[in-house]
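Taking the numbering used here, the leading residue of the sequence shown gets 141, the next gets one more, and so forth.
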Amino acid sequence: MKRLGSAGRYAFLVVAALASLAPLLWMVASAFKPGASIITDPFTFDPRTATLGNFREMLDTVPIGVGFRNTAIVVAVKGAITMLFCPLAGFAFAKYSFPGKRLLFGAVLITLMLPTLVLLVPLLLQMSELGWVNTFSALILPGAVDAFGVFWMRQVIAAIPDDLLDAARIDGCGDLRLFGSIVLPVIRPGLAALGVLTFINIYNDFVWPVVAVNDQQHQTLQVMLATLGQSITSHQLGADWASVWGQLLAASTLAALPVFVIFIVLQRQLIKGVMAGSLKG
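Right under this line is the structure:
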């Protein structure tokens, strides 16, 4: 009975995995199909007819490289700010006592309940007053130290035994050395998980970039993908929708690659970090 139950669970997981991967596999396979085949025969793939034509036409028409470059800049700088300040704030909330600590942490948690749309107009007005509209500053600084990152790091660091930190203080460790030499090595899985989640969040962000930036020079990849069909039809006069769909799928396949690579490389650290963050409330 136990073997039968295990086999049933594995079968269910396999079916669920295939159901989740089916749209992604269809997208990748269709990106290599001739445009007409995507419309006439969408659910089959013949390797003999595979072509890179969709990729070539899309790259010749749309400056998707600019979108990748802008997104890489935002991910690198904004991600670095998040990975620097969120652990420091989480360390302070988890292991130090100071006046107004609970009130301040409660205020941080309250911001998690605010929908993004509520903050768009105030943030845009603030960016306009600072002269940051259509700049990388507007894409990077708002939300760089987000409430979720602070909360996540607080949960992970709270699981570190106080005796370990007290022993380090007795040996003469200052606050920064204590954080760098003791806390950071212990919370490495949690940091890796935060890094993956931060990358995915920034990489997939669409609402704020489309509001803060309206010139192609600073457009991120997700904004460029949203207007890709219009860009293709305006540059390729007479292009049929089959060809447009092929190029859209090719661009989406390229855009999905970084997320796949990051997840595959850091999937173990992500799982360990999620478990570490759930050990202590």
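No residue lacks a Cβ here, since even glycine has one placed at the ideal position from N, Cα and C. Note that this is a predicted model, so its numbers are computed, not measured.
Here DSSP, grouped into helix, strand and coil, assigns Asp345 to coil.
Here Asp306 is exposed, its C-beta having fewer than 16 other C-beta atoms within 10 Å.
Fewer than three Cβ pairs drawn from the region 247-261 and the region 309-325 lie within less than 8 Å of each other, which leaves the two stretches out of contact. For a cut-off of 8 Å, the C-beta gap from Gln356 to Asn344 is around 20 Å, too long to register as a contact. Per DSSP, the continuous alpha helix (DSSP H) segment holding Val217 begins and ends at Ile204 to Lys235. For Ser177, the enclosing alpha helix (DSSP H) starts and ends at Gly175 to Thr180. Contact between the region 214-231 and the region 284-294 is established, with three or more Cβ pairs separated by less than 8 Å. Every unbroken stretch of the alpha helix (DSSP H) spanning 4 or more residues and falling wholly within the region 252-335 is given here in chain order: 256-270, 276-280, 287-298, 302-310 and 315-318.
DSSP places Asp200 in the uninterrupted alpha helix (DSSP H) bounded by Gly193 to Thr201. Contact check for Ile297 and Phe231: beta-carbon distance about 5 Å, within the 8 Å limit, so the pair qualifies.
According to the DSSP assignment, Ala366 belongs to the alpha helix (DSSP H) that extends over Leu361 to Ala366. When secondary structure is reduced to three states using DSSP, Pro239 falls in the coil class, being assigned neither helix nor strand. Scanning its chain for C-beta atoms nearer than 7 Å, with the 5 sequence neighbours on each side dropped, one finds around Ile402 the residues Val336 and Phe339, in chain order. Secondary structure at Ala190: coil, using DSSP grouped into helix, strand and coil.
When DSSP states are grouped into helix, strand and coil, Thr184 belongs to the coil group.
Under the three-state reduction of DSSP output, Val353 falls in the coil class, being neither helix nor strand. Taking a 10 Å sphere around the C-beta of Leu410, we find 16 or more other C-beta atoms and assign the residue as buried.
Using a 10 angstroms sphere on the CB of Ala156, the tally of other CB atoms stays under 16, which defines it as exposed.
Looking from the CA of Val202, the closest CA among Leu254, Ser177, Ala391 and Trp348 belongs to Ala391. DSSP, reduced to helix, strand and coil, places Phe172 outside both helices and strands of the structure shown, so it counts as coil.
For the pair Val347 and Leu254, the CB atoms are not nearer than the 9 Å cut-off.
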